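S.K.: Just passing along the structure, written as structure tokens.
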Amino acid sequence: QKEVEQDPGPLSVPEGAIVSLNCTYSNSAFQYFMWYRQYSRKGPELLMYTYSSGNKEDGRFTAQVDKSSKYISLFIRDSQPSDSATYLCAMTSNTGNQFYFGTGTSLTVIP
Amino acid sequence: NAGVMQNPRHLVRRRGQEARLRCSPMKGHSHVYWYRQLPEEGLKFMVYLQKENIIDESGMPKERFSAEFPKEGPSILRIQQVVRGDSAAYFCASSPSGPEQYFGPGTRLTVT
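Protein sequences appear in the order of chains A and B. For the first sequence, my numbering assigns the number 112 to the last residue and increments by one with no breaks. For the second sequence, my numbering assigns the number 158 to the last residue and increments by one with no breaks.
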């Protein structure tokens, strides 16, 4: 079983839609949960991170963590064509020595 | 403030040659991580370094791969005697501390 599971998609939505991206994980030691956006042939860009369970909002983006279910989500409101990219979840324990990434979900927002 | 810099951006090596990948972290960042990315496989952790120290190299193959982060200069990921299976995108990320990682643009290694 992989440490982190992420549906690769592809996911295609119309402009203005709410997008939900999800990851599950198996290691209960994970405490920090990150979301990255990666455009084709570029390096990942950190969108936001959360610690432990709960919600965090930043503009059109909301991250949720449910540690009891080992399930994290990223919601994108009012999606824009510029949001079209691959979204990667990542997580690490308190020591932060190793980071585990999902395989990424490819998102296309259609104008 | 310049971001994380990696060079070269593209590197072609023949089987058996050596590949040297360089990473200059963001100013003020003393933590460097190296990852390998293959299509459909996501980012795989290789090694975590702080200045002059390897903290965790558990993701790096024992043979042919080495990494360093000297007191002065960039971090280097070195692959000796490259094979076709080493072809991938290699990313480094730097961090001031904690979970925030800032990635460079990557080096795309092709082994012919």
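Beta carbons are placed, not taken as given, at the ideal position from N, Cα and C, and that holds for glycine. As the structure is a prediction and not an experimental result, all values here were calculated from the model.
List the residues of chain B whose Cβ lies closer than 7 Å to the Cβ of A:Leu47, in chain order.
M.R.: Reading the first sequence from its first residue, position 46 is the one you call residue 47 of chain A. In chain order: Glu146, Gln147, Tyr148.
S.K.: Compare the beta carbon distance of A:Leu12 and A:Trp36 with 7 Å and say whether it is the shorter of the two.
M.R.: Mapped onto the first sequence, residue 12 of chain A falls at position 11. Mapped onto the first sequence, residue 36 of chain A falls at position 35. No.
S.K.: From this set, B:Ile125, B:His77, B:Thr158, which residue's C-alpha is nearest B:Phe149's C-alpha?
M.R.: Position 103 of the second sequence, counting from 1, holds the residue named residue 149 of chain B. Checked all of B:Ile125, B:His77, B:Thr158; the closest Cα to B:Phe149 is B:His77.
S.K.: When you measure from the CB of B:Asp132 to every non-hydrogen atom of the ligand ATP, does any distance come out below 6 Å?
M.R.: The ligand ATP is not part of this structure, which contains no ligands at all.
S.K.: Between the region 32-51 of chain A and the region 62-80 of chain B, do at least 3 Cβ pairs fall closer than 8 Å?
M.R.: Result no; under three Cβ-Cβ pairs closer than 8 Å.
S.K.: Would you say B:Val129 and B:Arg61 are within 7 Å of each other, going by their C-beta atoms?
M.R.: Here residue 129 of chain B is taken as the residue at index 83 of the second sequence, counted from 1. Here residue 61 of chain B is taken as the residue at index 15 of the second sequence, counted from 1. The answer is yes: Cβ separation under 7 Å.
S.K.: For A:Pro15, report the span of its beta strand (DSSP E) as first-last.
M.R.: On the first sequence, position 14 is the one that residue 15 of chain A refers to. Its beta strand (DSSP E) spans residues 12-15.
S.K.: Can you give the beta carbon distance from B:Glu103 to B:Ala113, rounded, assuming they're within the 8 Å contact cut?
M.R.: Within the second sequence, residue 103 of chain B is the residue found at index 57, counting from 1. Within the second sequence, residue 113 of chain B is the residue found at index 67, counting from 1. Cβ-Cβ separation between B:Glu103 and B:Ala113: approximately 7 Å, consistent with a contact (criterion under 8 Å).
S.K.: According to DSSP, what are the bridge partners of A:Tyr40?
M.R.: Residue numbering aside, residue 40 of chain A sits at position 39 when the first sequence is read from its first letter. The partner list for A:Tyr40 (beta bridge, DSSP) is empty, contrary to what the question assumes.
S.K.: Return the chain-ordered list of same chain residues with a C-beta closer than 7 Å to the C-beta of B:Met92, the five sequence neighbours on each side being excluded.
M.R.: Sequence index remark: in the second sequence, residue 92 of chain B carries index 46 (1-based). Closer than 7 Å at Cβ, skipping near neighbours: Trp80, Tyr81, Arg82, Gly105, Met106.
S.K.: Could you give the DSSP three-state label for A:Gly55: helix, strand or coil?
M.R.: Residue mapping note: residue 55 of chain A aligns to position 54 of the first sequence, counting from 1. Three-state DSSP puts A:Gly55 in a strand.
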